[in-house]
Amino acid sequence: MKNLLLLILGGFAIGIILGVLNVQFNFWIFVGLLVLAFIALSYRDVTYMFLSRDVEKIEKYLEKKRHEPYYGFVLELADGNLTGAKKELDELERKWKGKKTAVFWAQYYLRDGNYTKAKEQVVKVDQQEIKTYITAGIAVAEKDYKKAEELKGEVRKDWMKFAIETELALSRKNYVLAKEKKEQALAATKGLQYYMMSKEFQEI
8 MKNLLLLILG GFAIGIILGV LNVQFNFWIF VGLLVLAFIA LSYRDVTYMF LSRDVEKIEK
68 YLEKKRHEPY YGFVLELADG NLTGAKKELD ELERKWKGKK TAVFWAQYYL RDGNYTKAKE
128 QVVKVDQQEI KTYITAGIAV AEKDYKKAEE LKGEVRKDWM KFAIETELAL SRKNYVLAKE
188 KKEQALAATK GLQYYMMSKE FQEI
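Residues 8 to 211, numbered by this note's numbering, are exactly what the sequence shown covers, in order.
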């Protein structure tokens, strides 16, 4: 967002300067250059959020952005610091006025073992597949394996299926299968989700 704002302001300033100097330029070439500049500025964000499988580099990237409560929450939750995660969530609520944070609260309460609160939050999640995925996690935590298996069949993303299978195997104390499913889940995703799963399942 910051990069986009800087790019817009920069493009606006350049346009004014070129106009004052009466320099002729092709509008579409100018737009194309702005798009390329935006891609260049956003490259690191896109790489670490969606493409990387380097946990250390992703973590360093998140640490640099820790001042933003969303990234602070991700770091604290990944490290299992629930007190810190709640503090970041409270700040996120204050900063994101009006934006829905139910998905984060549902994840927090699930990790905290407060399944009643997790259920209250997950029903507010708009994205159906994410809602189903978190609900499956709650079902595993409550040892409702039949429901978890049914919900697993409703998600389309492979990493979600494998992550649910990992949780099921762990809950059933089948650690060999859990490790196998963890590796499949990690192989099916990248970026921030890869980082979160690597941290969550690092003891397997």
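The beta-carbon is built from N, C-alpha and C at its ideal position, and this holds for glycine as well.
_On the DSSP letters alone, give me the boundaries of the alpha helix (DSSP H) that Gly87 sits inside._
Position 80 of the sequence shown, counted from the start, is the residue given in the question as residue 87. Per DSSP, Gly87 belongs to no alpha helix (DSSP H) and is neither H nor E.
*Report buried or exposed for Gly79, applying the criterion of at least 16 other Cβ atoms within 10 angstroms of its Cβ.*
Start at 1 with the first residue of the sequence shown, and residue 79 comes out as number 72. Burial call: buried.
*asked:* For Gly198, report the span of its alpha helix (DSSP H) as first-last.
replied: Looking up residue 198 in the sequence shown gives position 191. First-last of the alpha helix (DSSP H) with Gly198: 198 to 207.
*Considering only residues of the same chain and omitting the five flanking positions on each side of Asp218, which have a CB-CB separation below 7 angstroms?*
Given that the chain is displayed from residue 8 to residue 211, the structure contains no residue 218 and the question cannot be resolved.
*Could you pull out every residue in the same chain whose Cβ sits closer than 7 angstroms to the Cβ of Leu175, ignoring the five residues on either side in sequence?*
As a position in the sequence shown, residue 175 is number 168, starting the count at 1. Excluding five sequence positions before and after Leu175, the CB atoms of its chain that fall closer than 7 angstroms to its own CB belong to Val147, Tyr152, Ala155, given in chain order.
*asked:* With H, G and I counted as helix, E and B as strand and the rest as coil, what does DSSP make of Arg60?
replied: Walking along the sequence shown from the start, residue 60 turns up at place 53. Arg60: coil per DSSP, three-state reduction.
*Check whether the Cβ atoms of Gln135 and Ala113 lie closer than 8 angstroms to each other.*
As a working mapping, residue 135 is identified with position 128 in the sequence shown. As a working mapping, residue 113 is identified with position 106 in the sequence shown. A distance of 8 angstroms or more separates the beta carbons of Gln135 and Ala113.
*Determine the contact status of Ile141 and Leu177, defining contact as a CB-CB distance below 8 angstroms.*
Against the sequence shown, residue 141 aligns to sequence position 134. Against the sequence shown, residue 177 aligns to sequence position 170. Not in contact: Ile141 and Leu177 (Cβ atoms no closer than 8 angstroms).
*Could you tell me which of Leu193, Lys197, Gly198 sits nearest to Gln209, measuring between CA atoms?*
In the sequence shown, counting from the first residue as 1, residue 209 sits at position 202. With distances taken between Cα atoms, Gln209 lies closest to Leu193.
_Looking only at its chain, what residues have a beta carbon closer than 8 angstroms to the beta carbon of Lys64, apart from the 5 residues adjacent to it on each side?_
Counted from its first residue, the sequence shown places residue 64 at position 57. Closer than 8 angstroms at Cβ, skipping near neighbours: Tyr55.
_Tell me the rounded alpha-carbon separation between Val110 and Glu70._
As a first step, residue 110 must be located in the sequence shown, where it is residue number 103. As a first step, residue 70 must be located in the sequence shown, where it is residue number 63. Taking the straight line joining both Cα atoms gives about 22 angstroms.
*asked:* Among the candidates Lys126, Tyr182, Gly91, whose CA atom is the shortest distance from the CA of Ile211?
replied: Here residue 211 refers to the residue found at position 204 of the sequence shown. Nearest to Ile211 by alpha-carbon distance, out of Lys126, Tyr182, Gly91, is Tyr182.
*Which same chain residues, not among the five before or five after Thr196, have their C-beta less than 6 angstroms away from its C-beta?*
For the purposes of this step, residue 196 is taken as the residue at position 189 of the sequence shown. So the qualifying residues of the chain are Trp166.
*asked:* Quick check on this structure: which residue in Thr139, Leu84, Pro76 has the alpha carbon closest to the alpha carbon of Val101?
replied: Against the sequence shown, residue 101 aligns to sequence position 94. It should be pointed out that residue 101 corresponds to Arg in this sequence rather than to Val. For Arg101, the closest of Thr139, Leu84, Pro76 by C-alpha to C-alpha distance is Pro76.
*Whole-angstrom C-beta distance between Gly198 and Leu58, which should lie under 8 angstroms*: One-based indexing of the sequence shown puts residue 58 at position 51. One-based indexing of the sequence shown puts residue 198 at position 191. Between Gly198 and Leu58 the Cβ distance is about 6 angstroms, and since that is below 8 angstroms, they are a contact.
*In chain order, what residues of the same chain have a beta carbon less than 7 angstroms from the beta carbon of Lys93, not counting five sequence neighbours either side?*
By 1-based counting over the sequence shown, the position of residue 93 is 86. Hits under 7 angstroms: Tyr115.
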